[in-house]
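Protein sequence lines correspond, in order, to chains A and B. In short: position in the first sequence from 1, add 6, done, that's my numbering. In short: position in the second sequence from 1, add 6, done, that's my numbering. Positions of the beta carbon are idealized from the N, C-alpha and C atoms, including for glycine. For clarity, every value in this text was computed on a predicted model and none was experimentally measured. I have placed the structure first, in the form of structure tokens, so that the comments after it can refer back to it.
2 protein chains.
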Amino acid sequence: MALIVQKYGGTSVGSVERIQNVARRIAKFKSQGHDLVVVVSAMSGETNRLVALANDVSGGNPNPREMDVVLSTGEQVTIGLLAMALDAIGVPAKSYTGWQVAVKTDSAHTKARIETIDDAAMRADLKDGKVVIVAGFQGIDGVGDITTLGRGGSDTSAVALAAALKADECQIYTDVDGVYTTDPRIVPEARRLDKITFEEMLELASLGSKVLQIRSVEFAGKYRVRLRVLSSLEEDGGGGTLITFEEDEQMERVQVSGIACDKNQARINVRGVPDKPGIAFQILGAVADANIEVDMIIQNVGAEGTTDFSFTVPRGDYNNALKILNEVKEKIGAAEVSGDDTVAKVSIVGAGMRSHVGTASTMFRALAEEGINIQMISTSEIKVSVLIAEKYTELATRVLHAAFGLEKA
Amino acid sequence: MALIVQKYGGTSVGSVERIQNVARRIAKFKSQGHDLVVVVSAMSGETNRLVALANDVSGGNPNPREMDVVLSTGEQVTIGLLAMALDAIGVPAKSYTGWQVAVKTDSAHTKARIETIDDAAMRADLKDGKVVIVAGFQGIDGVGDITTLGRGGSDTSAVALAAALKADECQIYTDVDGVYTTDPRIVPEARRLDKITFEEMLELASLGSKVLQIRSVEFAGKYRVRLRVLSSLEEDGGGGTLITFEEDEQMERVQVSGIACDKNQARINVRGVPDKPGIAFQILGAVADANIEVDMIIQNVGAEGTTDFSFTVPRGDYNNALKILNEVKEKIGAAEVSGDDTVAKVSIVGAGMRSHVGTASTMFRALAEEGINIQMISTSEIKVSVLIAEKYTELATRVLHAAFGLEKA
Chain A
7 MALIVQKYGG
17 TSVGSVERIQ
27 NVARRIAKFK
37 SQGHDLVVVV
47 SAMSGETNRL
57 VALANDVSGG
67 NPNPREMDVV
77 LSTGEQVTIG
87 LLAMALDAIG
97 VPAKSYTGWQ
107 VAVKTDSAHT
117 KARIETIDDA
127 AMRADLKDGK
137 VVIVAGFQGI
147 DGVGDITTLG
157 RGGSDTSAVA
167 LAAALKADEC
177 QIYTDVDGVY
187 TTDPRIVPEA
197 RRLDKITFEE
207 MLELASLGSK
217 VLQIRSVEFA
227 GKYRVRLRVL
237 SSLEEDGGGG
247 TLITFEEDEQ
257 MERVQVSGIA
267 CDKNQARINV
277 RGVPDKPGIA
287 FQILGAVADA
297 NIEVDMIIQN
307 VGAEGTTDFS
317 FTVPRGDYNN
327 ALKILNEVKE
337 KIGAAEVSGD
347 DTVAKVSIVG
357 AGMRSHVGTA
367 STMFRALAEE
377 GINIQMISTS
387 EIKVSVLIAE
397 KYTELATRVL
407 HAAFGLEKA
Chain B
7 MALIVQKYGG
17 TSVGSVERIQ
27 NVARRIAKFK
37 SQGHDLVVVV
47 SAMSGETNRL
57 VALANDVSGG
67 NPNPREMDVV
77 LSTGEQVTIG
87 LLAMALDAIG
97 VPAKSYTGWQ
107 VAVKTDSAHT
117 KARIETIDDA
127 AMRADLKDGK
137 VVIVAGFQGI
147 DGVGDITTLG
157 RGGSDTSAVA
167 LAAALKADEC
177 QIYTDVDGVY
187 TTDPRIVPEA
197 RRLDKITFEE
207 MLELASLGSK
217 VLQIRSVEFA
227 GKYRVRLRVL
237 SSLEEDGGGG
247 TLITFEEDEQ
257 MERVQVSGIA
267 CDKNQARINV
277 RGVPDKPGIA
287 FQILGAVADA
297 NIEVDMIIQN
307 VGAEGTTDFS
317 FTVPRGDYNN
327 ALKILNEVKE
337 KIGAAEVSGD
347 DTVAKVSIVG
357 AGMRSHVGTA
367 STMFRALAEE
377 GINIQMISTS
387 EIKVSVLIAE
397 KYTELATRVL
407 HAAFGLEKA
């Protein structure tokens with residue numbers, strides 16, 4: 007008998023039939039003697055419908071406080087419907103909006119951060135044998151206004167509730183059955199991982215693997231919440247992937263756990279900049295002032311006391327970033343500003359890298375054997391990322407998947 | 007400069023364009039220097055959509071607490087959208103859900119009654135020059151659960167807010183431009199009344215005139231709220247009808263203010279019942295136990311120490327009522343139980359009746375001249391109702407409209 011927090015996303019509760027399916031799944035867990043707190047999203051399509059109404063009525067510039075009043079109704083409908091569906095099959099349940107819990111947040115409307123969660127009422131209901139249903143994605147700020155946590159915020163709600171309740175496990179049900187060694191659409195041999203460390207998950211989440219929202223993973227890490235990703239489409243959840251904190255023995259033997267690729271990349275090169283202190287700030291400061299996020303950064307010694315500087319930005323910001331740098335080119339005395347928006351980032355991630363030498367060289371050799379040129383390299387303790395031409399993305403992913411033997415359990 | 011509470015129904019806020027229209031109307035009132043509290047319903051169709059979802063997911067028997075969680079989202083979407091629309095045209099506005107106000111109610115889910123309203127936050131916003139937007143139809147009970155007031159409850163919300171704020175006027179905007187002497191679809195000469203007394207309005211509302219929800223009229227009477235019905239479709243509200251408390255001189259001269267007709271009637275006759283004390287209770291008690299509402303009741307002396315008993319019920323309850331009485335027929339020793347569900351009730355209403363004799367006889371003569379047989383009569387201080395064959399409903403209404411000269415201002 008355990009206290010489990012489960013989260014069901016918009017697709018899992020996207021119709022009356024699917025809500026009834028979720029209710030039956032909950033009933034099964036309940037009959038096994040578990041205490042359950044269930045977090046749900048808005049029915050799929052509902053948030054987009056509400057956003058469209060808000061944009062239409064406000065000429066595309068909705069007041070953020072009122073946006074949250076409107077958006078939070080999506081999850082409120084789902085909690086009521088799921089509680090009814092449970093009630094109808096004889097499982098006592100009670101729904102809570104964000105303010106009813108209360109999930110206290112700051113006042114940053116449409117992207118609020120959770121500050122505290124009051125668990126008293128939920129605990130009393132659990133003690134009474136009730137299933138507690140909580141609206142994800144929403145909270146209440148210090149002055150009693152409704153707030154929302156931003157897209158994907160329901161994952162964060164679930165992890166935060168699990169932390170507040172000191173739950174034994176937080177289960178995130180999605181339309182995939184876990185975390186894979188890489189995208190199965192690119193590599194058919196991709197294998198579901200039974201376990202992955204929290205750090206690896208964080209690297210994979212931030213590298214474009216869209217299984218879990220990155221904020222929820224950070225939150226789980228901070229509060230040491232045992233997190234599991236499962237399929238809402240398969241009867242037993244498909245086994246799922248557990249995100250652990252300890253690297254167990256088996257894990258230490260694995261160099262690389264997964265491969266992520268990200269096509270939302272564009273490269274900017276600034277060549278022939280006089281090599282003096284503060285030059286990185288002068289270049290990147292101008293980009294940061296325009297709210298453009300910079301990912302990989304490389305500085306290299308160039309010819310005759312100059313330096314070459316390269317970095318990547320999200321593809322949608324490419325033209326703007328080029329424009330800004332052409333404007334500051336004179337000021338920083340750069341010889342040339344150029345770029346390429348047909349690049350992609352491919353990364354290998356693995357906690358086992360720490361204790362293995364040669365992981366990076368295995369990667370580079372595998373790519374070289376296919377004639378794939380590496381444009382930029384960046385590394386962290388458990389990750390190596392390379393920037394390559396976009397057209398090689400799938401090939402590189404397949405080659406690396408094979409090179410590290412990821413198809414084998 | 008006045009404090010005005012305005013209420014806009016579902017049709018008035020049924021689309022993005024209509025919400026923007028309402029915003030412009032509010033902006034105009036605001037520019038005239040008025041303080042405004044605006045109560046809105048769910049967008050038309052939304053409540054029905056939510057009810058259907060709830061019925062589907064629960065097999066037709068939704069848990070009432072959860073029903074209110076789901077239903078209350080309809081109005082919550084509208085308050086957010088209207089506040090955004092005002093914000094977008096430069097009118098500062100702030101939305102309030104029922105619990106944010108707070109509108110405190112009892113715990114009778116789906117048909118809760120308002121107990122208290124906290125006006126502090128609204129007053130502070132009005133002082134700041136903001137338009138206050140409040141979700142109608144909803145409140146919060148003593149344990150923090152969301153409640154709703156039942157269909158048409160937004161009218162009641164508006165009147166209750168006007169009472170709490172001691173507003174100068176409560177304006178109900180609907181798709182008609184006021185209260186008419188009778189249904190203009192039946193009598194083309196029907197005339198809009200500039201004024202009507204609260205008592206007359208109450209009689210008309212309960213007699214099937216669907217302009218205002220009866221509970222809101224009762225509430226207005228109890229707290230002496232100055233109430234006006236206006237059109238949301240016409241630029242100036244179409245003049246509207248003011249519901250007053252004093253019968254002014256001009257009113258005393260008018261015998262009859264309006265004529266209401268109600269086809270949702272069925273008649274039950276119980277003939278040849280032994281005439282002894284408690285017989286009415288024995289007959290009506292059985293009907294009341296089945297939650298059937300009884301409207302007109304008549305008891306007459308019958309043949310040889312027996313009595314004849316007649317009453318009307320809503321047409322939908324006719325078959326059930328007949329069945330019940332056939333079951334208790336033996337027990338009460340009645341000779342015969344019969345009925346007719348092709349009847350209608352036509353009523354004349356007027357505060358001026360009090361000081362006029364002969365109002366009823368004018369009515370009966372007008373009907374007799376057209377050969378319309380009266381099956382039952384019931385009267386109150388300011389009303390005379392007759393039950394007639396349904397087929398004569400329109401004819402009777404036209405004849406009475408002319409007999410009392412209602413087409414003349």
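Beta-ladder partner(s) of residue i, from DSSP
i	result
lysine 201 of chain A	A:Leu248
tyrosine 102 of chain B	B:Val140
threonine 313 of chain B	B:Val279 and B:Val307
methionine 359 of chain A	Its beta-bridge partners do not exist; DSSP assigns none.
valine 392 of chain B	B:Val352 and B:Ile383
valine 319 of chain B	B:Ala272
leucine 236 of chain A	A:Tyr179
serine 344 of chain B	B:Asn275
threonine 111 of chain B	B:Ile120
tyrosine 186 of chain A	A:Arg198
threonine 153 of chain A	A:Gly145
Cβ pair residue i, residue j closer than 8 Å
i	j	result
aspartate 161 of chain B	leucine 218 of chain B	yes
valine 392 of chain A	isoleucine 380 of chain A	yes
threonine 111 of chain B	glycine 145 of chain B	yes
phenylalanine 317 of chain A	valine 279 of chain A	no
methionine 90 of chain B	alanine 60 of chain A	yes
phenylalanine 251 of chain B	arginine 230 of chain B	yes
glutamine 26 of chain B	valine 63 of chain A	yes
valine 97 of chain B	alanine 33 of chain B	yes
histidine 115 of chain A	arginine 55 of chain A	no
glycine 104 of chain B	valine 45 of chain B	no
glutamate 240 of chain B	aspartate 183 of chain B	yes
valine 235 of chain B	valine 185 of chain B	yes
glutamine 261 of chain A	histidine 407 of chain A	no
threonine 74 of chain A	isoleucine 152 of chain A	In the sequence under discussion, the amino acid at residue 74 of chain A is aspartate, which differs from the threonine named in the question. Yes; because the gap between Cβ atoms is below 8 Å, this pair is in contact.
tyrosine 349 of chain A	arginine 273 of chain A	Before going on, a small fix: residue 349 of chain A reads as valine here, not tyrosine. Yes. Within cutoff.
Under 7 Å from the C-beta of residue i: neighbouring residues of chain B
i	result
leucine 87 of chain A	Leu59, Ala60, Val63 and Val76
isoleucine 25 of chain A	Val63
glutamine 106 of chain A	Gly150
Three-state class that DSSP yields for residue i in the structure shown
i	result
threonine 365 of chain A	helix
lysine 4 of chain A	No information on residue 4 of chain A is available, as it lies outside the stretch 7 to 415 that chain A covers here.
serine 160 of chain A	helix
glutamate 375 of chain B	helix
lysine 414 of chain B	coil
asparagine 297 of chain A	coil
glycine 227 of chain B	helix
glycine 264 of chain B	strand
glutamate 241 of chain A	coil
valine 97 of chain A	coil
leucine 401 of chain B	helix
valine 334 of chain B	helix
lysine 172 of chain A	coil
9 Å Cβ cut-off: residues of chain A touching residue i
i	result
asparagine 306 of chain B	None at all; the shortest Cβ gap to chain A is about 49 Å.
CB contact below 8 Å: residue i versus chain D
i	result
serine 101 of chain A	No chain D appears in the structure shown, which is made up of the protein chains A and B.
Chain-ordered neighbours of residue i on chain A, where CB pairs are closer than 7 Å
i	result
glycine 227 of chain B	Per Cβ cutoff of 7 Å: no residues; glycine 227 of chain B is ~33 Å from chain A at best.
isoleucine 32 of chain B	By Cβ distance, chain A contributes nothing, its closest Cβ being about 14 Å from isoleucine 32 of chain B, past 7 Å.
Chain-ordered neighbours of residue i on chain B, where CB pairs are closer than 9 Å
i	result
threonine 79 of chain A	Ser78, Thr79, Gly80, Gln82, Val83 and Gly86
asparagine 67 of chain A	Met90, Asp93 and Ala94
Residues that residue i contacts on chain A, provided the C-beta gap is smaller than 8 Å
i	result
valine 223 of chain B	The premise fails here: valine 223 of chain B is roughly 30 Å from chain A at the closest Cβ pair, so nothing lies under 8 Å.
glutamate 52 of chain B	None at all; the shortest Cβ gap to chain A is about 10 Å.
Listed by chain order, chain B residues near residue i by CB distance under 8 Å
i	result
leucine 56 of chain A	Val83
valine 22 of chain A	Leu59, Asp62 and Val63
- Item | Length at least 3, wholly inside the segment 9-87 of chain A: the beta strand (DSSP E) runs in chain order | 9-14 and 41-46
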